[in-house]
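Working notes, beginning with the structure itself.
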Amino acid sequence: MNESSEDCISVRLRLIDPGDDSEVMAEYTFSLLDQDSEPWHSRKSSMVRFFDSEWMWGFDCFIEREGLESSPHFQGDRLRIRCDITMVANKIIAETTTKPLLVVPPSDLHQHLGDLLRNAKVRGDVKFKVGGKKFRAHRNILAVRSSVFMAELYGKMKEKKAARIRIKDMEPTVFEAFLHFIYTDSLPEDDKGGSRMAMAQHLLVVADRYNMERLKLICQVILQDYIDTDNAATMMVLAEQHGCHGLKQACLRFIASPCNMKVVMATEGFEYLTRSFPSLLKELADNIAV
């Protein structure tokens with residue numbers, strides 16, 4: 003007890019018999035009871051405490067002596083006190099207060115597969131020719147990532163020359179980024195701005211072509227951040243052509259805004275939309291009406 007608690011009533015809790023455990027962990031609450039056994043003054047431990055046979059925990063100043071003696075609940079020089087104890091399992095405390103000895107790092111499978119793609123010593127068994135540039139890849143990985151590649155390389159649609167595939171209507175840089183995603187499940191780092199938007203547009207088309215929904219969704223998320231009055235109409239056409247509902251809704255919402263509509267309607271992209279996709283024009287009108 004210190005000097006500041008000389009005018010206080012102190013209470014302590016001590017472990018008498020630890021049983022099979024050398025120490026016990028618990029929370030506790032001390033309460034003073036009235037004549038009806040109801041608490042009228044209580045204090046709870048601020049944290050879980052470790053108890054052993056040689057150490058006590060409690061409060062130096064549980065209640066001031068003057069406050070206790072003047073209380074109507076203190077009669078006949080008798081005091082009723084209750085202590086509620088909550089035992090805490092050792093395992094739970096260890097997990098929350100002790101740094102684990104072993105930590106499993108995040109998966110680095112994507113890094114290993116990326117290395118596999120770039121490793122010339124482990125050459126792929128499928129050759130691609132894209133716009134005059136050659137690429138190699140591993141048919142097992144291609145097949146497990148894309149149902150279209152599965153059919154081309156192993157199914158009934160299997161090409162007679164499946165080991166050599168020519169890809170038409172695609173730039174080599176786009177196919178290279180596509181392979182990177184197949185192996186690593188992420189897009190390669192590239193320059194921001196227009197080139198990023200253009201790459202996302204190309205990859206969205208590729209993702210739809212090879213039935214890769216995750217890549218398709220990633221491209222939509224990227225493209226929605228680039229919607230402006232110059233490209234909103236053509237972006238909506240792209241979304242319609244490749245079944246991208248989320249991107250189309252983002253374009254509809256942007257165009258329907260009063261401050262954007264007149265500017266968008268003056269673009270060549272909107273003229274093309276009106277001429278080739280009248281159904282989109284109706285959706286836009288319905289969206290404006292709402």
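When we follow this note's numbering, the leftmost residue of the sequence shown carries the number 3, and every step to the right adds one. Glycine is no exception: its CB is placed at the ideal position from the N, C-alpha and C atoms. As the structure is a prediction and not an experimental result, all values here were calculated from the model.
query: Do you know how far the Cα of residue 102 is from the Cα of residue 43?
result: Numbered from 1 along the sequence shown, position 41 holds the residue referred to as residue 43. Numbered from 1 along the sequence shown, position 100 holds the residue referred to as residue 102. Distance between the alpha carbons of residue 43 and residue 102: 40 Å.
message: Do residue 184 and residue 141 count as a contact pair if the criterion is CB distance below 8 Å?
response: Reading the sequence shown from its first residue, position 139 is the one you call residue 141. Reading the sequence shown from its first residue, position 182 is the one you call residue 184. The answer is no: Cβ separation not under 8 Å.
query: How is the alpha helix (DSSP H) around residue 264 delimited, first residue to last?
result: Here residue 264 is taken as the residue at index 262 of the sequence shown, counted from 1. For residue 264, the enclosing alpha helix (DSSP H) begins and ends at 260-267.
One or two residues paired with residue 30 in a DSSP bridge: Numbered from 1 along the sequence shown, position 28 holds the residue referred to as residue 30. Partner(s): 87.
- prompt: What's the C-alpha gap between residue 224 and residue 144?
  reply: Numbered from its first residue, the sequence shown carries residue 224 at position 222. Numbered from its first residue, the sequence shown carries residue 144 at position 142. Roughly 24 Å separates the two Cα atoms.
- request: Scan the region 131-187 and note each continuous alpha helix (DSSP H) run of 4 residues or more that stays entirely inside, going in chain order.
  value: 141-147, 149-155 and 174-186
- request: Drop a sphere of 10 angstroms on the beta-carbon of residue 105, count the other beta-carbons inside from all chains shown, and report buried for 16 or more, exposed for fewer.
  value: One-based indexing of the sequence shown puts residue 105 at position 103. Under this definition residue 105 is an exposed residue.
message: Within the continuous alpha helix (DSSP H) that includes residue 238, where are the two ends?
response: The residue given as residue 238 occupies position 236 in the sequence shown. Counting along the chain, the alpha helix (DSSP H) containing residue 238 begins and ends at 234-243.
- prompt: Shortest alpha-carbon distance to residue 31 belongs to which of 73, 129, 88 and 134?
  reply: Here residue 31 is taken as the residue at index 29 of the sequence shown, counted from 1. Nearest option by C-alpha distance: 88.
- prompt: Which stretch, first to last residue, makes up the beta strand (DSSP E) that contains residue 61?
  reply: In the sequence shown, residue 61 corresponds to position 59, counting from 1. Taken as a continuous stretch (DSSP letters only), the beta strand (DSSP E) holding residue 61 covers 58-66.
query: Which value, in whole angstroms, describes the spacing of the CA atoms of residue 33 and residue 219?
result: Counting from one through the sequence shown, the residue named residue 33 turns up at place 31. Counting from one through the sequence shown, the residue named residue 219 turns up at place 217. Rounded to the nearest angstrom, the two C-alpha atoms are 59 Å apart.
message: So, at 6 Å on beta carbons, what are the nonlocal neighbours of residue 36 in its own chain, with the 5 sequence-adjacent residues on each side left out?
response: Indexing the sequence shown from 1 puts residue 36 at position 34. Once the five neighbours on either side are set aside, the close Cβ partners of residue 36 are 42 and 75.
Under the three-state DSSP convention, the category residue 77 falls into: Here the question's residue 77 lines up with position 75 in the sequence shown. It is a strand residue.
field: CA-to-CA distance, residue 45 to residue 11, given in whole angstroms
entry: Looking up residue 11 in the sequence shown gives position 9. Looking up residue 45 in the sequence shown gives position 43. Taking the straight line joining both Cα atoms gives about 13 Å.
task: Would you grab the beta carbon distance between residue 266 and residue 231 for me? Rounded to a whole angstrom, and I think it's under 8 Å.
output: Counting from 1 along the sequence shown, the entry for residue 266 is found at position 264. Counting from 1 along the sequence shown, the entry for residue 231 is found at position 229. Right, their Cβ atoms sit about 5 Å apart.
message: According to DSSP, is residue 10 part of a helix, a strand, or is it coil?
response: Along the sequence shown, one-based indexing puts residue 10 at 8. If DSSP states are grouped into helix, strand and coil, residue 10 belongs with the strands.
field: Pair within 8 Å by beta-carbon distance, residue 85 and residue 15
entry: Translated into the one-based positions of the sequence shown, residue 85 becomes position 83. Translated into the one-based positions of the sequence shown, residue 15 becomes position 13. Taking 8 Å as the Cβ cut-off, residue 85 and residue 15 qualify as a contacting pair.
- request: Please report how far the alpha carbon of residue 122 lies from the alpha carbon of residue 139, in whole angstroms.
  value: Mapped onto the sequence shown, residue 122 falls at position 120. Mapped onto the sequence shown, residue 139 falls at position 137. C-alpha separation (whole angstroms): 11 Å.
- prompt: Across which residues does DSSP place residue 43 in a beta bridge pair?
  reply: The sequence position of residue 43 within the sequence shown is 41, counting from 1. According to DSSP, which records beta bridges pairwise, residue 43 is partnered with 34.
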